[in-house]
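Colleague: This is the structure I have questions about; it appears just below.
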Amino acid sequence: MAGTGGNSRTGYALLSPTLAVMGLALAAPLLLLAVTSLKSQAGIGFADGWTLAQYGEVLGRSSYRILFARSVGISAAVTLVTLLLAYPMAYFVAFHARHKFAWLIALTIPFWTSYLLRVFAWKIILGYGGVINSGLLRLHLIDQPLSMLLYNPFAVVVTLAHAWAAFAILPIYVSLEKIDRSLLEAASDLGDGAVRRFLRITLPLSMPGVIGAAILIFVPTTGDYVTPSLVGGPAGSMIANMIEVQFNRVGNWPLGAALALVSMVLVAVIAGLFVTAARAAAKAAR
Amino acid sequence: MSFLSISQVTKAFGGLPVVNAVDLAIERGEFFALLGPSGCGKTTLLRMIAGFETPDSGTISIDGDVMNNVPPHQRPTNMVFQSYAIFPHLNVFDNIAYGLRKLKLSKDQLRARVDAMLATVRLEGLGGRAADQLSGGQRQRVALARALVREPKLLLLDEPLGALDKRLRETMQVELRAIQRKVGVTFLLVTHDQEEALSLSDRIAVMSAGKILQIATPRELYERPNCREVADFIGEINFFHATVREITDTTATVNAGLLGIVTLPSANLGSHGIKRDDHILLAIRPEHVRFAPDGVAGEITSATFLGERSHFHVKIAGRSEPVSVSGNAGPQGSAVALIFPPERLIGLPSAD
Ligand SMILES: Nc1ncnc2c1ncn2[C@@H]1O[C@H](COP(=O)(O)OP(=O)(O)OP(=O)(O)O)[C@@H](O)[C@H]1O
Ligand SMILES: [Mg+2]
Numbered sequence: 000m001a002g003t004g005g006n007s008r009t010g011y012a013l014l015s016p017t018l019a020v021m022g023l024a025l026a027a028p029l030l031l032l033a034v035t036s037l038k039s040q041a042g043i044g045f046a047d048g049w050t051l052a053q054y055g056e057v058l059g060r061s062s063y064r065i066l067f068a069r070s071v072g073i074s075a076a077v078t079l080v081t082l083l084l085a086y087p088m089a090y091f092v093a094f095h096a097r098h099k100f101a102w103l104i105a106l107t108i109p110f111w112t113s114y115l116l117r118v119f120a121w122k123i124i125l126g127y128g129g130v131i132n133s134g135l136l137r138l139h140l141i142d143q144p145l146s147m148l149l150y151n152p153f154a155v156v157v158t159l160a161h162a163w164a165a166f167a168i169l170p171i172y173v174s175l176e177k178i179d180r181s182l183l184e185a186a187s188d189l190g191d192g193a194v195r196r197f198l199r200i201t202l203p204l205s206m207p208g209v210i211g212a213a214i215l216i217f218v219p220t221t222g223d224y225v226t227p228s229l230v231g232g233p234a235g236s237m238i239a240n241m242i243e244v245q246f247n248r249v250g251n252w253p254l255g256a257a258l259a260l261v262s263m264v265l266v267a268v269i270a271g272l273f274v275t276a277a278r279a280a281a282k283a284a285r
Numbered sequence: 000m001s002f003l004s005i006s007q008v009t010k011a012f013g014g015l016p017v018v019n020a021v022d023l024a025i026e027r028g029e030f031f032a033l034l035g036p037s038g039c040g041k042t043t044l045l046r047m048i049a050g051f052e053t054p055d056s057g058t059i060s061i062d063g064d065v066m067n068n069v070p071p072h073q074r075p076t077n078m079v080f081q082s083y084a085i086f087p088h089l090n091v092f093d094n095i096a097y098g099l100r101k102l103k104l105s106k107d108q109l110r111a112r113v114d115a116m117l118a119t120v121r122l123e124g125l126g127g128r129a130a131d132q133l134s135g136g137q138r139q140r141v142a143l144a145r146a147l148v149r150e151p152k153l154l155l156l157d158e159p160l161g162a163l164d165k166r167l168r169e170t171m172q173v174e175l176r177a178i179q180r181k182v183g184v185t186f187l188l189v190t191h192d193q194e195e196a197l198s199l200s201d202r203i204a205v206m207s208a209g210k211i212l213q214i215a216t217p218r219e220l221y222e223r224p225n226c227r228e229v230a231d232f233i234g235e236i237n238f239f240h241a242t243v244r245e246i247t248d249t250t251a252t253v254n255a256g257l258l259g260i261v262t263l264p265s266a267n268l269g270s271h272g273i274k275r276d277d278h279i280l281l282a283i284r285p286e287h288v289r290f291a292p293d294g295v296a297g298e299i300t301s302a303t304f305l306g307e308r309s310h311f312h313v314k315i316a317g318r319s320e321p322v323s324v325s326g327n328a329g330p331q332g333s334a335v336a337l338i339f340p341p342e343r344l345i346g347l348p349s350a351d
């Protein structure tokens, strides 16, 4: 293949702006983080020499392990809830809506407002004197405002699931829209009722969209900082909050860096396992 | 009642009738073709039989059971789709086994049935092949096997050979016919390729603009088309305007203008209720026109060599369209004379 060398050179040339930005904005800070994590804090500077002490601390302390587990748990729950909400919406638009484009716009309009604004909106909805509580009080269903709505993992899951829904709807919609309708007719023709057909054709063929959506939500929400700090309370705080504490309040940068890197590796591993499992599940649906 | 019985079925899209009061009766074990130009409603009719469209009116029954309200997955039919619709996430084996999984067969039974079907469509050993690694002909065979393995009462084929090149199409035609004989299932094939319909089927229904024009065997259709459109659609044919002079039980005498006064068997006028003084069309196939010294004088305007016989266009005085003749004669520009054997002339009602 004579043209391959030239092609790949053109490819790299086209990619070079992207590569440059990625190098500066991603690789360099990561490298800095890695270097920092191998130091130890001494006053306002770093002590001389290299050490793995931070990693020992991160992996050894149960309070950190609980935070990691909670972050992964909350964001897994967010991913699940979002997918369960987004899939039917995407399905409706792809298969039953008449004005698809209008529906897509309508579904994404809430996401044109700022993320912060949406988090505050949930704070108002779930709060002690919030929409839900005053509504229930007005209806005399309760006589004391419920305090269990806000400042816990539940509030974090609800807020994050809402905040990320659009990011799930779009990739799922695209993968559903791409499915050749004659495949669905063929499945009916071969004896499948609506449910079997969905499980054997529609779901497996929309798996790329579902996997994409899951990754798109799971990865950033694990490291989310704003939502847990605003609606999570102590019981709903996540690993990013601890990283912030280490950098800004305690001033232990190496420990913060080690926490950040460990959580990154953890997310990557879980995402990898998830993709493998989802692929296998799609294969098994014959 | 016939095996597949379609009665007064009509379907309109947006007010426009696409299938218009169609009646059709197909017998068990027949290889039946639905032939017609693109857009005439063939696929729509087939989809109503499969259950993907509901007729606006009329009934469809298979083997005595009315199908109108039966959903596709409960009908005793299977379909080979125009696009094949091979499931992209499944390999060849799983595609073919798709419609059998519900039967809860043992692993060995399932394998045996799929393997037997792979052999029938000559795809032995390709069970493990991924769907996207198949050639056009192989995809066609998988689609056929996937439908046949369910042992449907009626197999519906929507232009199954349309996407194949000419050679492969001819091979597959022979195989399709052989497979139909072997499995004995009733085949209903949709095509716009008249040669395909003529060479494959026991009977053919010719469709045009949502209506069925004629239902007949290939030979009948070719030799006794019942209207101008059918005659035109099946092979090549020449038309002459004529007026009926006299009809008896055995013969009809017509004034055929350029051809003079002709007496032909009255059977050649068919059962159109043609009467004395009616204006009619006389039709004759190119291979039935003969070159002979004492015929109508003309000049060859084009000659196409086709092997044993050649194809000619002959210009005759007083007629703008050339006459198509197949036979043997001189080169372009030669003067010839044509004979139109009366027993080969078919009388059809004239549209005007
Ligand atoms: N779902 C539909 N909505 C509106 N019009 C339709 C629909 N399906 C078919 N038609 C129209 O009905 C007519 C007949 O279509 P059909 O697919 O039955 O033709 P066909 O004979 O199979 O043609 P071809 O040989 O090109 O496949 C066409 O004019 C087509 O545009
Ligand atoms: Mg069609």
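In order, the protein sequence lines correspond to chains A and L. Residue numbers for the first sequence follow numbering that gives the first Met the number 0, so the first one is 0 and each next one is one higher. Residue numbers for the second sequence follow numbering that gives the first Met the number 0, so the first one is 0 and each next one is one higher. Built from N, CA and C at the ideal position, the CB exists for glycine as well.
(1) Considering only residues of the stretch 204-264 of chain A, which uninterrupted beta strand (DSSP E) runs meet the minimum length of 3 residues and lie entirely inside it, listed in chain order?
(2) List, in chain order, every chain A residue whose beta-carbon is nearer than 7 Å to that of Ser82 of chain L.
(3) How big is the Cα-Cα spacing for Ala212 of chain A and Ala167 of chain A?
(4) Since I believe Gly98 of chain L is in contact with Leu198 of chain A (beta carbons under 8 Å), could you give me their beta-carbon distance rounded to a whole number of angstroms?
(5) What is the DSSP secondary structure of Met0 of chain A, reduced to helix, strand or coil?
(6) Would you grab the beta carbon distance between Gly270 of chain A and Leu32 of chain A for me? Rounded to a whole angstrom, and I think it's under 8 Å.
(7) So, is Lys103 of chain L buried or exposed, given that buried needs 16 or more other C-beta atoms within 10 angstroms?
(8) Is the distance from the Cβ of Arg227 of chain L to the Cβ of Ala350 of chain L below 8 Å?
(9) My output table needs one value for Ala350 of chain L: the three-state DSSP class, helix, strand or coil.
(10) Going straight from the alpha carbon of Ser236 of chain A to that of Ala160 of chain A, what length do you get?
(11) Regarding Val21 of chain L and ligand 1, is the C-beta to nearest heavy atom distance less than 7 Å?
(12) Can you list the residues of chain A that Arg145 of chain L reaches, using a CB-CB cut of under 9 Å?
(13) Which residue from A:Ile43, A:Ile131, A:Met147, A:Val194 puts its Cα closest to that of Pro253 of chain A?
(14) Going along the stretch 130-162 of chain L in order, which residues come within less than 8 Å of chain A, judged by CB to CB distance?
(15) Note down the Cα distance separating Arg74 of chain L from Ala49 of chain L, rounded to an integer number of angstroms.
(16) With Gln213 of chain L as the anchor, note down where its beta strand (DSSP E) starts and where it stops.
(17) Within the 8 Å Cβ cut-off, does Asn77 of chain L reach chain A?
(18) Which residues in the same chain have their Cβ closer than 7 Å to the Cβ of Ala1 of chain A, if we skip the five residues on either side of it in sequence?
(19) For Leu3 of chain L, count neighbouring C-beta atoms within 10 Å of its own C-beta (all shown protein chains included) and say buried if the count is 16 or more, exposed if not.
(20) Return the bridge partner residues of Thr58 of chain L from the DSSP annotation.
(21) Could you name the residues of the same chain whose beta carbon sits closer than 7 Å to that of Leu258 of chain L, not counting the 5 residues immediately before and after it, in chain order?
(22) DSSP on Pro109 of chain A, reduced to helix/strand/coil?
(23) Below 8 Å on the Cβ atoms is my contact criterion, and I expect Ser60 of chain L with Thr9 of chain L to pass it. Report the Cβ-Cβ distance as a whole number of Å.
(24) Is it the case that the Cβ atoms of Pro203 of chain A and Ala281 of chain A are separated by a distance below 8 Å?
(25) Out of A:Arg69, A:Glu56, A:Leu13, A:Gly48, point me to the one whose CA is closest to Gly222 of chain A's CA.
(26) Tell me which same chain residues have a C-beta within less than 6 Å of the C-beta of Thr50 of chain A, skipping the five on either side of it?
(27) Within 8 Å of any Cβ in chain L, is that where the Cβ of Ile200 of chain A sits?
(28) For Ile211 of chain L, collect the residues of the same chain with a Cβ closer than 6 Å to its Cβ; drop the 5 residues on either side in sequence, then sort them by chain order.
(29) Between the beta-carbon of Val148 of chain L and the beta-carbon of Arg121 of chain L, is there less than 8 Å?
(30) Could you spell out the range, first to last residue, of the beta strand (DSSP E) harbouring Asn375 of chain L?
(31) Taking the alpha carbon of Asp47 of chain A as the reference point, which residue from A:Glu56, A:Leu37, A:Gly55 has its own alpha carbon closest?
Modeller: In terms of the structure at hand:
(1) Correct list: empty.
(2) If you number the second sequence from 1, residue 82 of chain L lands on position 83. Listed along chain A, the residues sitting closer than 7 Å to Ser82 of chain L by beta-carbon distance are Ser181.
(3) Here residue 212 of chain A corresponds to residue number 213 of the first sequence, with the count starting at 1. Here residue 167 of chain A corresponds to residue number 168 of the first sequence, with the count starting at 1. Their Cα atoms are separated by approximately 5 Å.
(4) Locating residue 198 of chain A in the first sequence gives position 199, where the first residue counts as 1. Locating residue 98 of chain L in the second sequence gives position 99, where the first residue counts as 1. About 15 Å separates the two Cβ atoms, so there is no contact after all.
(5) Residue numbering aside, residue 0 of chain A sits at position 1 when the first sequence is read from its first letter. Because Met0 of chain A carries a pLDDT of 42, less than 50, the predicted location of this residue cannot be relied on, and the following value inherits that uncertainty. Coil.
(6) For this step, residue 270 of chain A is matched to residue 271 along the first sequence. For this step, residue 32 of chain A is matched to residue 33 along the first sequence. The sequence as given places Ala at residue 270 of chain A; Gly does not occur at that position. In this structure Ala270 of chain A is not in contact with Leu32 of chain A, their Cβ atoms being roughly 19 Å apart against a cut-off of 8 Å.
(7) Your numbering for residue 103 of chain L matches position 104 in the second sequence. Flag for Lys103 of chain L reads exposed.
(8) As a first step, residue 227 of chain L must be located in the second sequence, where it is residue number 228. As a first step, residue 350 of chain L must be located in the second sequence, where it is residue number 351. For Arg227 of chain L and Ala350 of chain L, yes; Cβs fall inside 8 Å.
(9) Taking the second sequence and counting its residues from 1, one reaches residue 350 of chain L at position 351. The answer is coil: DSSP assigns Ala350 of chain L none of H, G, I, E or B.
(10) Start at 1 with the first residue of the first sequence, and residue 236 of chain A comes out as number 237. Start at 1 with the first residue of the first sequence, and residue 160 of chain A comes out as number 161. So the two alpha carbons sit approximately 16 Å from each other.
(11) Numbered from 1 along the second sequence, position 22 holds the residue referred to as residue 21 of chain L. With a cut-off of 7 Å, the C-beta of Val21 of chain L is classified as distant from ligand 1, since no heavy atom of the ligand falls inside that distance.
(12) For the purposes of this step, residue 145 of chain L is taken as residue 146 along the second sequence, with counting starting at 1. Within chain A, the residues near Arg145 of chain L are Ala185, Leu189.
(13) Here residue 253 of chain A refers to the residue found at position 254 when the first sequence is read from its first residue. When each option's Cα is compared against that of Pro253 of chain A, the closest is A:Ile43.
(14) The stretch 130-162 of chain L vs chain A, Cβ under 8 Å: Arg145, Ala146, Arg149.
(15) Taking the second sequence and counting its residues from 1, the one referred to as residue 74 of chain L is at position 75. Taking the second sequence and counting its residues from 1, the one referred to as residue 49 of chain L is at position 50. Within the model, the alpha-carbon separation for Arg74 of chain L versus Ala49 of chain L is close to 7 Å.
(16) Position 214 of the second sequence, counting from 1, holds the residue named residue 213 of chain L. Secondary structure note for Gln213 of chain L: its beta strand (DSSP E) is the uninterrupted segment 210-215.
(17) The residue given as residue 77 of chain L occupies position 78 in the second sequence. With 8 Å as the cut-off, Asn77 of chain L counts as an interface residue toward chain A.
(18) As a first step, residue 1 of chain A must be located in the first sequence, where it is residue number 2. With a pLDDT of only 46 at Ala1 of chain A, under the threshold of 50, the placement of this residue in the model should not be trusted, and no figure is reported.
(19) In the second sequence, counting from the first residue as 1, residue 3 of chain L sits at position 4. With 16 or more other Cβ atoms from the protein chains shown falling within 10 Å of its own Cβ, Leu3 of chain L counts as buried.
(20) Your numbering for residue 58 of chain L matches position 59 in the second sequence. Under DSSP, Thr58 of chain L takes part in a beta bridge, and its partners are L:Ser6.
(21) Reading the second sequence from its first residue, position 259 is the one you call residue 258 of chain L. Cβ within range, chain order: Phe239, Val295, Phe339.
(22) Stepping through the first sequence from its first residue, residue 109 of chain A is reached at position 110. The answer is helix: DSSP assigns Pro109 of chain A an H, G or I state.
(23) Indexing the second sequence from 1 puts residue 60 of chain L at position 61. Indexing the second sequence from 1 puts residue 9 of chain L at position 10. Between Thr9 of chain L and Ser60 of chain L the Cβ distance is about 16 Å, and since that is not below 8 Å, they are no contact.
(24) The residue labelled residue 203 of chain A in the question sits at position 204 within the first sequence. The residue labelled residue 281 of chain A in the question sits at position 282 within the first sequence. Between Pro203 of chain A and Ala281 of chain A, the C-beta gap is smaller than 8 Å, which places the two residues in contact.
(25) Looking up residue 222 of chain A in the first sequence gives position 223. With respect to the C-alpha of Gly222 of chain A, the residue from A:Arg69, A:Glu56, A:Leu13, A:Gly48 having the closest C-alpha is A:Arg69.
(26) Here residue 50 of chain A refers to the residue found at position 51 when the first sequence is read from its first residue. The answer, listed in chain order, is Ser39.
(27) Here residue 200 of chain A refers to the residue found at position 201 when the first sequence is read from its first residue. Residue-level contact check: Ile200 of chain A touches chain L, since one or more beta carbons of chain L fall below 8 Å from its beta carbon.
(28) Looking up residue 211 of chain L in the second sequence gives position 212. Closer than 6 Å at Cβ, skipping near neighbours: Val21, Ala204.
(29) In the second sequence, counting from the first residue as 1, residue 148 of chain L sits at position 149. In the second sequence, counting from the first residue as 1, residue 121 of chain L sits at position 122. Their beta carbons are not under 8 Å apart, which means Val148 of chain L does not touch Arg121 of chain L by this criterion.
(30) Coverage of chain L is limited to positions 0 through 351, which leaves residue 375 of chain L absent and any answer about it impossible.
(31) What you label residue 47 of chain A is simply residue 48 of the first sequence in a count that begins at 1. Nearest C-alpha to Asp47 of chain A: A:Leu37.
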